[in-house]
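Peer 1:
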Amino acid sequence: MKEYFNHLNKQNIDANVIAMKAEAKKKDIPIISDEGLIYLLQLIRLTEAKRILEIGTAIAYTAINIAMLNKDIIVDTIEKDEKMVVNAQENIKRSNLEKQIQIFHEDALEIALDLLKGNYDLIFIDAAKAQYQKFFEKFEVLLNDGGIIVCDNLLFHGLVEGKEEIKSRNLRALVRKIKDFNNYLAQNNKFHTVFLKIGDGMAVSEKLWN
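Every number in the numbering used here is 1 more than the matching position in the sequence shown, counting from 1.
1. From Val-205 to Val-142, what distance separates their C-alpha atoms?
2. Nearest to Asp-35 by alpha carbon, out of His-193, Ala-89 and Asp-153?
3. Check for me: the beta strand (DSSP E) holding Leu-155 runs from which residue to which?
4. So is Met-2 buried or exposed if we call it buried at 16+ other beta carbons inside 10 Å?
5. Residues bridged to Tyr-1 by DSSP?
6. In whole angstroms, what is the alpha-carbon distance linking Gln-12 and Ile-39?
7. Hey, quick one: how far does the alpha helix (DSSP H) through Asp-35 stretch, first residue to last?
8. With the cut-off set at 8 Å, would you say Asn-66 and Val-18 are in Cβ contact?
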């Protein structure tokens, strides 16, 4: 069913984007799912978000797709892996989007907030799953009232909702942290959050007006 709808949905046919997707698959680099990207881009269109912060650049696949929506969109994106940063910068240059996308080669948990421009309309979190709550709490102050935070991979390959025993201790701990974060979002009265079974699970949290 997902493949049928993804076939009907209009997807980016830019040659560089297609090559990036193929590279990610070949090298096992995690990027957003097709249906997750389709939903995220539609959300940006509907909300007319122009200033966007991304936590977790990887090869800049998501950032480039977002920037291509509208020449007025600005994306600030944070990535700590040097190899990923170099790769992402090459992809951004190849897409002629240097004026719209700025990469911060930093650890998102350590970056000084005053380095960022703030007043974001949308924040997209797709980085280290165990740190999602810390990311959310750190960067929510940069979000406009009525703005949106989108968190990806909250089902973690189905393990979060699965009932089978997880044998790995580290994996159990990670799954527990993701579950705790989901509960944190559900109970956070500063945001209205909906959880969607899109891709590997998404949460869309709207910041309530003060």
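Glycine included, every Cβ here is placed at the ideal spot set by N, Cα and C. Quantities reported herein were computed from a predicted structural model and do not represent experimental measurements.
Peer 2: Let me lay it out:
1. Position 204 of the sequence shown, counting from 1, holds the residue named residue 205. Position 141 of the sequence shown, counting from 1, holds the residue named residue 142. When rounded, the distance between both Cα atoms is 17 Å.
2. Here residue 35 corresponds to residue number 34 of the sequence shown, with the count starting at 1. Checked all of His-193, Ala-89 and Asp-153; the closest Cα to Asp-35 is Asp-153.
3. Here residue 155 refers to the residue found at position 154 of the sequence shown. Where Leu-155 is concerned, there is no enclosing beta strand (DSSP E), given that its DSSP letter is neither H nor E.
4. The residue labelled residue 2 in the question sits at position 1 within the sequence shown. Low per-residue confidence applies at Met-2: pLDDT is 48, beneath 50, and the placement is therefore not dependable, though the value from the model is reported in the following sentence. Taking every protein chain shown into account, the CB of Met-2 has fewer than 16 other CB atoms within 10 angstroms, so this residue is exposed.
5. Given that the chain is displayed from residue 2 to residue 211, the structure contains no residue 1 and the question cannot be resolved.
6. By one-based count along the sequence shown, residue 12 stands at place 11. By one-based count along the sequence shown, residue 39 stands at place 38. When rounded, the distance between both Cα atoms is 7 Å.
7. Against the sequence shown, residue 35 aligns to sequence position 34. Per DSSP, the continuous alpha helix (DSSP H) segment holding Asp-35 begins and ends at 35-48.
8. In the sequence shown, counting from the first residue as 1, residue 66 sits at position 65. In the sequence shown, counting from the first residue as 1, residue 18 sits at position 17. Yes, they are a contact pair.
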